[in-house]
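Residue numbers (this note's numbering): 6 to 702.
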């Protein structure tokens, strides 16, 4: 679903609707929402009326032409600002249209339970409701979002994620959520519908993308207040110039009073029209850039918060490491042979639906273990709270040792230790040493126990992703603290944390531990970001300031987060942070440029409107502009055109570089502060020369 990347910034499919929308936004009810541009809008109307009045008066040809020329460029200024916002909105609407095309009027096999037995009967997707159960066979399209309650199948989610490789969806665990509009490629799934029509993930995505007229974020509101304050200051200053000019003309008995057209031109050129015209477009484009990264943000506030975060919580598995921890070797305790340990591990992992649990089963079978739980066995599923799985065997089902208790468990070493101690046993020193050795290697040790006796250790191996240490170094230079969160023991967590280069880690983390850690950082006044995909991550996601839920995760996780990553890539959080910082940098850079370039306009217009009364002011005409009228008109034209030239920067964003705040400030002041001072001098002079060359002044 990478439609945005196929449309260039000035694609004809975007330009034509944007031009129409820019004209439609001339409605006063739309314009007044942007106070800075509303002043330009009123100035455009006023200069138009002044030009028409002068055109109809005696001998008013020159003043009328000047007023109408200024008026035309003021209208262009308003239209260019509208065009920037409309173009940003148009990209979002194009994305929404592509998403809307994914919705299909599908049929499903719905479970009904008549008197003579349950049946699967055809039902239109629009008639399904939350709680309905449907059967989806190979080749069928999943009608609505839901949870797999039975079956395993490969699913094509390329329409949503843009990733061509199919994914496996199955009951239980964190990979049971399915999305409406995706297609089953093989096997079958029984799905319990989790939403009503119109409430699906695809519907919410369309709504998020279409929400271009979003609520202003706190930072944007604060900046708008600053821009309004500057506008009011310049408005008051400009208003005082007319009586001052009249007094000066009478006192000096020379020159002519400043015209209303020149005062309007001065006001428009001095107020921060550049950032005022592009501010809304920057915010809309920020959400659009997040969408290009295949991340759906529920609001502009979430995007901005991503740029302000200073603590990043990352799961070890799948984010820092490749996430495919596999059972590597069995390490039996003293007096226990390999087959007995492997058989016990296989039984304890029989109901463990996690990838690690299944890898234990596969390794046990590779070493020759071939046992099955007997009739009446009671399975204990793995949970994040207990961090163990196992089976309780009936007394008559003696399988390993008739004298042993028939309680078999496999899980984290500390959890199994507490389990065997509760049964009167203990963790043998050699098993503890083996677990420590595994942990120091950066692997994960699991203990296997039967009754009160620990039979040995299973080593799970995972690999730290290439380049992740450098990425964390970049985050550190950005002033962001990285914290690895894992359910592993402290030794394993410390080894992985040292190899990956994170600043801190939380080991043996249960869901409530993640929540407590986030709250502790927030109590210190810090903004926290994290990723998650499971139902057990939902509380922490809801608490975090920036919460990126995986598109492949459970419905609860997606509802708790304020962003959804369609690619289900936990490392995307780093890109989310960079996009948020780029949004804040773009806004700051263009604000700096907008305020700085007012200086050149001051040197262009102030001498022009007062030079007839005070010839000494000609010394301020450092650009040597041809005439007062060309100076004013050149400044107004530059003021309009600079918005056009900055539209690509506003929509594509300032490229973020991972440097410290002080270095970043120096760079922005050098590029956009000094640039904002220098560029208008060059631009206004070139426009003035062109006007003279064409004989227009």
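Beta carbons: idealized from backbone N, C-alpha and C, even for Gly.
Below-8 angstroms beta-carbon distance, residue i vs any chain C residue
| i | result |
| --- | --- |
| residue 369 | Protein chains in the displayed structure number just one, and chain C is not present. |
Alpha-carbon to alpha-carbon, residue j and residue i
| i | j | result |
| --- | --- | --- |
| residue 367 | residue 518 | 32 angstroms |
| residue 640 | residue 316 | 46 angstroms |
| residue 552 | residue 565 | 8 angstroms |
| residue 405 | residue 371 | With a pLDDT of only 47 at residue 405, under 50, the local geometry of the prediction cannot be trusted, and the value read off the model is given with reservation. Going by the C-alpha atoms only, they are around 19 angstroms apart. |
| residue 356 | residue 386 | 6 angstroms |
| residue 474 | residue 572 | 22 angstroms |
| residue 187 | residue 377 | 36 angstroms |
| residue 511 | residue 502 | 10 angstroms |
| residue 172 | residue 159 | 5 angstroms |
| residue 312 | residue 588 | 7 angstroms |
| residue 295 | residue 156 | 34 angstroms |
| residue 22 | residue 286 | 15 angstroms |
| residue 533 | residue 225 | 21 angstroms |
| residue 115 | residue 132 | 10 angstroms |
| residue 95 | residue 19 | 6 angstroms |
| residue 535 | residue 546 | 7 angstroms |
| residue 410 | residue 364 | Legend: pLDDT at residue 410 = 48, less than 50; position of this residue unreliable, value from coordinates given subsequently. Distance between the alpha carbons of residue 410 and residue 364: 26 angstroms. |
| residue 46 | residue 284 | 16 angstroms |
| residue 482 | residue 508 | 12 angstroms |
| residue 544 | residue 537 | 10 angstroms |
| residue 68 | residue 581 | 54 angstroms |
| residue 82 | residue 606 | 15 angstroms |
| residue 487 | residue 320 | 11 angstroms |
| residue 2 | residue 247 | No information on residue 2 is available, as it lies outside the stretch 6 to 702 that the chain covers here. |
| residue 427 | residue 421 | 10 angstroms |
| residue 659 | residue 291 | 11 angstroms |
| residue 163 | residue 600 | 45 angstroms |
Contact belief for residue i with residue j at Cβ below 8 angstroms, rounded distance in angstroms
| i | j | result |
| --- | --- | --- |
| residue 289 | residue 93 | 4 angstroms |
| residue 468 | residue 326 | 6 angstroms |
| residue 412 | residue 346 | With 8 angstroms as the limit, residue 412 and residue 346 do not qualify as a contact, their Cβ atoms being about 16 angstroms apart. |
| residue 141 | residue 196 | 6 angstroms |
Cutoff 7 angstroms; reference residue i; Cβ partners in own chain excluding five residues on either side
| i | result |
| --- | --- |
| residue 464 | 333, 334, 336, 443, 448, 450 |
| residue 610 | 270, 271, 274, 636, 637, 640 |
| residue 476 | 579 |
| residue 560 | 150, 152, 182, 199 |
| residue 478 | 506 |
| residue 711 | The chain is shown from 6 up to 702; residue 711 falls before or after that span and cannot be answered. |
| residue 408 | Residue placement at residue 408 is flagged as unreliable, the pLDDT there being 44, under the threshold of 50; a coordinate-derived value is accordingly withheld. |
| residue 374 | 344, 347, 348, 351 |
Three-state class that DSSP yields for residue i in the structure shown
| i | result |
| --- | --- |
| residue 462 | strand |
| residue 354 | coil |
| residue 78 | helix |
| residue 140 | strand |
| residue 128 | strand |
| residue 335 | strand |
| residue 384 | strand |
| residue 535 | strand |
| residue 590 | helix |
| residue 415 | strand |
| residue 1 | Past the boundaries of the shown model lies residue 1; the chain is included only from 6 to 702, so the question cannot be answered. |
| residue 5 | No answer is possible for residue 5: it lies beyond the span of the chain, which begins at 6 and ends at 702. |
| residue 431 | strand |
| residue 600 | helix |
| residue 482 | helix |
| residue 544 | helix |
| residue 393 | strand |
Contact test: residue i Cβ vs the ligand FAD heavy atom, cutoff 7 angstroms
| i | result |
| --- | --- |
| residue 350 | Of the ligands one can find in the structure shown there are none, so the ligand FAD has no counterpart to examine. |
Cβ shell of residue i (< 6 angstroms), same chain only, five flanking positions each side left out
| i | result |
| --- | --- |
| residue 349 | 413, 453, 455, 460 |
| residue 431 | none |
| residue 281 | 41, 42, 232 |
| residue 732 | Absent from the model: residue 732. The displayed extent of the chain is 6 to 702, so no value can be given. |
| residue 417 | 392 |
| residue 495 | 512 |
| residue 87 | 27, 30 |
| residue 369 | 347, 350, 351 |
Same chain only: Cβ atoms within 8 angstroms of residue i, ignoring 5 sequence neighbours per side
| i | result |
| --- | --- |
| residue 608 | 625, 626, 627, 628, 686 |
- Touching by the beta-carbon criterion (3+ pairs, under 8 angstroms), the region 31-42 and the region 52-60: Not touching, per the Cβ criterion.
- Task: Report yes or no: do the region 243-263 and the region 559-579 share at least 3 C-beta pairs separated by less than 8 angstroms?
- Result: With the cut-off at 8 angstroms, the region 243-263 and the region 559-579 do not touch.
- Query: Below 8 angstroms, can you find three or more Cβ-Cβ pairs linking the region 261-279 to the region 304-315?
  - Reply: Three or more Cβ pairs closer than 8 angstroms define a contact, and the region 261-279 falls short of that threshold against the region 304-315.
- Query: Looking at C-beta atoms only, is the number of pairs between the region 76-88 and the region 113-132 that lie closer than 8 angstroms three or more?
  - Reply: Cβ pair count under 8 angstroms is below three, so no.
- Message: With three or more beta-carbon pairs closer than 8 angstroms as the criterion, would you say the region 650-664 touches the region 610-622?
- Response: No: fewer than three Cβ pairs fall under 8 angstroms.
- Does the region 230-243 come close enough to the region 274-285 that 3 or more CB-CB pairs lie under 8 angstroms? Cβ pair count under 8 angstroms is three or more, so yes.
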